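Data first, discussion second: the structure below is written as structure tokens.
2 protein chains.
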Amino acid sequence: MSSERQAVEEPGGPAPAPRGAAFLLTQLGTHAADRFATRVAELGLTPPDIGLLRTIATRPGRSQRALAADLGVVPSRVVALIDRLDGKGLVERRRSTEDRRNHELHLSAEGGRVLGEVWRIAAAHEDDILSALDDDQRARLTELLGLVVAQQGLTPGVHPGYRNLPGGQRS
Amino acid sequence: MSSERQAVEEPGGPAPAPRGAAFLLTQLGTHAADRFATRVAELGLTPPDIGLLRTIATRPGRSQRALAADLGVVPSRVVALIDRLDGKGLVERRRSTEDRRNHELHLSAEGGRVLGEVWRIAAAHEDDILSALDDDQRARLTELLGLVVAQQGLTPGVHPGYRNLPGGQRS
DNA sequence: TATTGTTATACTCTATAACTATA
DNA sequence: TATAGTTATAGAGTATAACAATA
Chain V
199 MSSERQAVEE
209 PGGPAPAPRG
219 AAFLLTQLGT
229 HAADRFATRV
239 AELGLTPPDI
249 GLLRTIATRP
259 GRSQRALAAD
269 LGVVPSRVVA
279 LIDRLDGKGL
289 VERRRSTEDR
299 RNHELHLSAE
309 GGRVLGEVWR
319 IAAAHEDDIL
329 SALDDDQRAR
339 LTELLGLVVA
349 QQGLTPGVHP
359 GYRNLPGGQR
369 S
Chain F
199 MSSERQAVEE
209 PGGPAPAPRG
219 AAFLLTQLGT
229 HAADRFATRV
239 AELGLTPPDI
249 GLLRTIATRP
259 GRSQRALAAD
269 LGVVPSRVVA
279 LIDRLDGKGL
289 VERRRSTEDR
299 RNHELHLSAE
309 GGRVLGEVWR
319 IAAAHEDDIL
329 SALDDDQRAR
339 LTELLGLVVA
349 QQGLTPGVHP
359 GYRNLPGGQR
369 S
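Heads up: the protein sequence lines correspond to chains V and F, in order.
Counting in our numbering, the first sequence runs from 199 upward without gaps.
Counting in our numbering, the second sequence runs from 199 upward without gaps.
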């Protein structure tokens with residue numbers, strides 16, 4: 199806030215680092231998301247896919263509209279996402295007998311198996327990202343992040359990757 | 199890692215939260231990035247704009263190629279970014295007299311003023327994101343994040359928003 | 001008439017490849 | 001021939017609007 203510029207006149211390399219925790223959070227969060235995306239790509243899945251699989255596994259039988267509402271996403275997007283997962287044989291659309299407009303969403307057996315793989319990958323990912331910290335430090339970090347998450351009013355388990363901005367703009 | 203499914207059969211709301219620090223980092227990092235983007239949007243700027251302004255301010259007179267290399271971005275993208283900032287009168291392209299192929303990039307006076315605004319906004323942003331924590335907690339969080347950033351080999355001051363993935367895919 | 005899922009369309013961000021001017 | 005900047009083009013992701021089937 200005080201010293202302006204700090205003009206580091208070195209020939210190479212990028213600008214001097216902002217040292218605030220907010221910037222570190224952005225930098226690290228993006229990095230962690232990228233690493234996770236790379237890992238699940240080995241399963242042929244994207245991070246949005248994971249969110250869908252996880253949500254469907256938790257409460258099977260819900261409609262696409264309900265799913266869209268949960269994730270804060272437009273229904274037409276759920277169509278495309280489910281199309282992919284359906285094509286891969288991971289989820290099933292079952293026409294509701296009560297209200298034939300609805301599709302009840304379920305994980306297939308293969309979908310359940312793949313989701314198990316995802317959990318394994320997530321654990322390895324966690325260990326990779328936090329490998330600089332010992333157990334005590336990890337616990338403290340988790341606690342501090344939990345406080346921030348709660349105060350910022352973020353929905354537990356749904357990260358803001360599902361938002362309603364056009365063009366997929368991210369920072 | 200151990201308990202599968204955990205089937206919480208509640209009628210509403212999204213899936214149960216993964217509680218790992220890596221997920222919290224992703225969730226929080228995305229959130230922080232979004233908030234920051236919203237704030238700088240009031241200046242008519244995007245987060246990539248900020249990175250460019252910051253880098254140019256730090257080492258004025260460099261070429262677009264050098265800037266692209268610093269940010270890990272393709273040169274054609276720098277063209278579009280600079281076009282916008284040039285059109286707003288925030289940066290200037292000056293044909294180099296030594297090698298007339300080069301454009302030396304400089305901040306205009308207005309650009310410097312706007313960058314000052316950005317710093318003010320960044321400070322407010324920092325305070326907003328961390329408002330759940332007292333000074334001691336903030337210091338500890340910053341320290342822990344710094345350890346993780348260093349171990350993960352991230353370039354200080356350049357967040358991975360500048361990468362080389364097609365389609366702008368993010369998690 | 002209202003709602004579910006769907007299709008058609010458009011827009012943003014970003015990369016790759018081809019091109020121009022300069023060296 | 002090689003390099004700096006540029007333009008043209010393409011693709012992914014996502015939203016909005018129009019539409020068909022069902023209620």
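We treat Cβ as the ideally placed atom computed from N, Cα and C, and that holds for glycine.
Since the structure is predicted, the reported quantities are computational estimates derived from the model, not experimental observations.
Excluding the 5 residues preceding and the 5 following residue i in the sequence, name in chain order all residues of the same chain whose CB lies nearer than 8 Å to its CB.
i, result
"PRO273 (chain F)", "GLN262, ARG263 and ALA266"
"ALA220 (chain V)", "none"
"ARG233 (chain F)", "HIS323, ASP326 and ILE327"
"THR244 (chain V)", "ALA235 and VAL238"
"VAL356 (chain V)", "GLY249, ASP268, LEU269 and GLY270"
Measure the C-alpha to C-alpha separation of residue i and residue j and round it to an integer number of angstroms.
i, j, result
"THR253 (chain F)", "ALA320 (chain F)", "16 Å"
"ALA231 (chain V)", "GLU296 (chain F)", "43 Å"
"GLU302 (chain F)", "ASP334 (chain F)", "44 Å"
"ALA239 (chain F)", "LEU305 (chain F)", "19 Å"
"ARG293 (chain V)", "LEU241 (chain V)", "28 Å"
"VAL289 (chain V)", "ALA337 (chain V)", "35 Å"
"HIS229 (chain V)", "LEU269 (chain V)", "22 Å"
"ARG318 (chain V)", "GLY310 (chain V)", "13 Å"
"THR340 (chain F)", "PRO354 (chain F)", "14 Å"
"LEU331 (chain F)", "VAL347 (chain F)", "20 Å"
"GLY314 (chain V)", "ILE248 (chain V)", "11 Å"
"ARG257 (chain V)", "LEU251 (chain V)", "10 Å"
"GLY227 (chain V)", "GLU308 (chain F)", "32 Å"
"LEU223 (chain V)", "VAL316 (chain F)", "18 Å"
"PRO216 (chain V)", "ARG298 (chain V)", "55 Å"
"ARG291 (chain F)", "GLY259 (chain F)", "9 Å"
"SER329 (chain F)", "LEU352 (chain F)", "26 Å"
"ASP284 (chain V)", "LEU343 (chain V)", "35 Å"
"LEU345 (chain F)", "VAL271 (chain F)", "26 Å"
"GLY218 (chain F)", "ARG282 (chain V)", "28 Å"
"GLN349 (chain F)", "GLN350 (chain V)", "27 Å"
"SER200 (chain F)", "ASN300 (chain V)", "Any answer about SER200 (chain F) is weak, because its pLDDT of 32 lies below 50 and its placement is not dependable; what the coordinates show is given next. Their backbone Cα atoms lie some 34 Å apart in a straight line."
"LYS286 (chain V)", "GLN225 (chain F)", "27 Å"
Check for me: the alpha helix (DSSP H) holding residue i runs from which residue to which?
i, result
"GLU302 (chain F)", "Per DSSP, GLU302 (chain F) belongs to no alpha helix (DSSP H); it is in the beta strand (DSSP E), 301–305."
"ARG298 (chain V)", "Careful: ARG298 (chain V) lies outside any alpha helix (DSSP H) and carries neither H nor E."
"ASP334 (chain V)", "333–349"
"THR353 (chain V)", "From DSSP, THR353 (chain V) is part of no alpha helix (DSSP H); its letter is neither H nor E."
"VAL271 (chain F)", "Looking at the DSSP string, VAL271 (chain F) is not in any alpha helix (DSSP H), and its letter there is neither H nor E."
"GLY249 (chain V)", "245–256"
"GLY227 (chain F)", "219–239"
Return the first residue and the last residue of the beta strand (DSSP E) that residue i is part of.
i, result
"VAL289 (chain F)", "289–293"
Identify, in the order they occur along the chain, each residue of the same chain with its Cβ nearer than 7 Å to the Cβ of residue i, setting aside the five sequence neighbours on each side.
i, result
"THR236 (chain V)", "none"
"VAL276 (chain F)", "GLN262, LEU265 and ALA266"
"GLU202 (chain F)", "Because GLU202 (chain F) carries a pLDDT of 29, less than 50, the predicted location of this residue cannot be relied on, and no value is offered for it."
Under 6 Å Cβ to Cβ from residue i, same chain only, skipping five residues before and after it: list those, please.
i, result
"ALA255 (chain V)", "LEU305 and LEU313"
"ARG368 (chain F)", "Per-residue confidence for ARG368 (chain F) stands at a pLDDT of 39, beneath the threshold of 50, marking its modelled position as unreliable; no derived number is given."
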